[in-house]
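In this note's numbering, the protein residues as written are 203 to 532.
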């Protein structure tokens, strides 16, 4: 039994990771900024704090063997550069410092598939792809911030702190208590409230598989190891068809090419700000839809025994979860 701390425990992956760790008999310490529905009823120790507050991190990491760092600011809106830098980069710097000061033995850092340069587009992306930088071409602010945080972890020179880096692709599945961006898309599809689809898609992976793979990366991996935890590529039309099959709600008939959606993205963002809704089609989200279709988890399969479950099963469990949480009424 280990004592393990988790930042970002109330997020989609974090909520599943906490359950995975508890299921293995570990003691979990969750760094929380406020009460979290994702942790209700779970036997976890809560430490109030923030990754921008070094002292609260030290309190959370005291007496801990391992830290899983998931807390981050996710933004698909342009203009969030300062906040992304402060939270994603500065927060990771604080996590590393607190780990060193408190004698943590292993840090598992959750990066992003978008931190990696996905070119050339006709070749599979692996965890060995270079990180994006200023020379990569058009890189959105979120991707750049995750790449900078990733570099900080790779540059760790503390001999007593081992690291692992995890690259999840687009996540779906149950225990999405805060209703992630992808959860909002599923919600709108399930109610016929998404007016149009956009060409493109993602590699989709179940949050439970990511949680399992991350824990196995500690158990079976080595210091400095990086693992891509991907699943299955589906275009948005295929995703909508699965949701329609599971809910009986017809998929949107209109499908826009990405260039046309890009022309209307500023208007959709402005309208979302006016209505208080989250804009789902922005310059950054449309860019993500054009990501490389092949994300290889070959290393994770070979070294960890990682096998992602079928997309249809993950979507069915996601919809069942949202229905139980009454998030379809939002």
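Where a beta carbon is used, it is the ideal one built from N, C-alpha and C, also for glycine.
For residue 312 and residue 457, the rounded distance between their alpha carbons: For the purposes of this step, residue 457 is identified with residue 255 of the chain shown, where counting begins at 1. For the purposes of this step, residue 312 is identified with residue 110 of the chain shown, where counting begins at 1. So the two alpha carbons sit approximately 33 Å from each other.
Output the boundary residues of the alpha helix (DSSP H) element that contains residue 414. Counting from one through the chain shown, the residue named residue 414 turns up at place 212. Run containing residue 414: 409-422, per the alpha helix (DSSP H) assignment.
Please return the same chain residues whose Cβ sits closer than 8 Å to the Cβ of residue 241, not counting the five positions on each side in sequence. Counting from one through the chain shown, the residue named residue 241 turns up at place 39. Excluding positions up to five away in sequence, the list reads 211, 212, 217, 220, 232, 234 and 248.
Label residue 512 either buried or exposed according to how many other C-beta atoms from any shown protein chain fall within 10 Å of its C-beta, with 16 as the threshold for buried. Locating residue 512 in the chain shown gives position 310, counting from the first residue. Residue 512 is exposed by the Cβ-count criterion.
Backbone secondary structure at residue 210 - three-state DSSP: Your numbering for residue 210 matches position 8 in the chain shown. Here residue 210 sits in coil by DSSP.
Once you ignore the five residues that flank residue 516 on each side, which residues in its own chain have a CB closer than 6 Å to its CB? Locating residue 516 in the chain shown gives position 314, where the first residue counts as 1. Only 374, 375 and 408 meet the Cβ criterion.
Kindly list the residues whose CB is nearer than 8 Å to the CB of residue 282, restricted to its own chain and excluding five residues on each side of it in sequence; keep chain order. The sequence position of residue 282 within the chain shown is 80, counting from 1. If we look at residue 282 and ignore the five residues flanking it on each side, its Cβ neighbours are 275, 343 and 344.
Please state if the CB of residue 498 and the CB of residue 326 are separated by a distance shorter than 7 Å. Taking the first residue of the chain shown as position 1, residue 326 is located at position 124. Taking the first residue of the chain shown as position 1, residue 498 is located at position 296. It is a contact, given that the beta carbons lie within the stated cut-off.
Per DSSP, cross-strand counterpart(s) of residue 250: Taking the first residue of the chain shown as position 1, residue 250 is located at position 48. DSSP output for residue 250 lists 234 as bridge partner(s).
Straight-line gap, residue 494 to residue 401 (C-alpha atoms, nearest Å): Translated into positions along the chain shown, residue 494 becomes position 292. Translated into positions along the chain shown, residue 401 becomes position 199. Computed Cα separation, rounded: 13 Å.
Hey, is the segment 320-335 in contact with the segment 258-278, meaning 3+ C-beta pairs nearer than 8 Å? no
Under 8 Å, with one C-beta from each stretch per pair, do the segment 293-312 and the segment 350-370 reach the 3-pair mark? yes
State the beta-bridge partners of residue 406 as determined by DSSP. Position 204 of the chain shown, counted from the first residue, corresponds to residue 406. 372 and 434.
Taking the alpha-carbon positions, what's the residue 366 to residue 383 distance? Taking the chain shown and counting its residues from 1, the one referred to as residue 366 is at position 164. Taking the chain shown and counting its residues from 1, the one referred to as residue 383 is at position 181. Going from the Cα of residue 366 to the Cα of residue 383 covers about 26 Å.
Near residue 396, what residues of its chain come up, given a Cβ to Cβ distance below 6 Å and the 5 sequence neighbours on each side ignored? To locate residue 396, count along the chain shown from 1; it is residue 194. Cβ neighbours of residue 396 beyond the five flanking positions: 390 and 454.
Looking at residue 304: is its Cβ nearer than 7 Å to the Cβ of residue 264? Taking the first residue of the chain shown as 1, we reach residue 304 at position 102. Taking the first residue of the chain shown as 1, we reach residue 264 at position 62. Yes, Cβ-Cβ distance for residue 304 and residue 264 is below 7 Å.
Return yes when the Cβ of residue 207 is within less than 7 Å of the Cβ of residue 310, no when it is not. Here residue 310 refers to the residue found at position 108 when the chain shown is read from its first residue. Here residue 207 refers to the residue found at position 5 when the chain shown is read from its first residue. Not a contact, by the Cβ cut-off of 7 Å.
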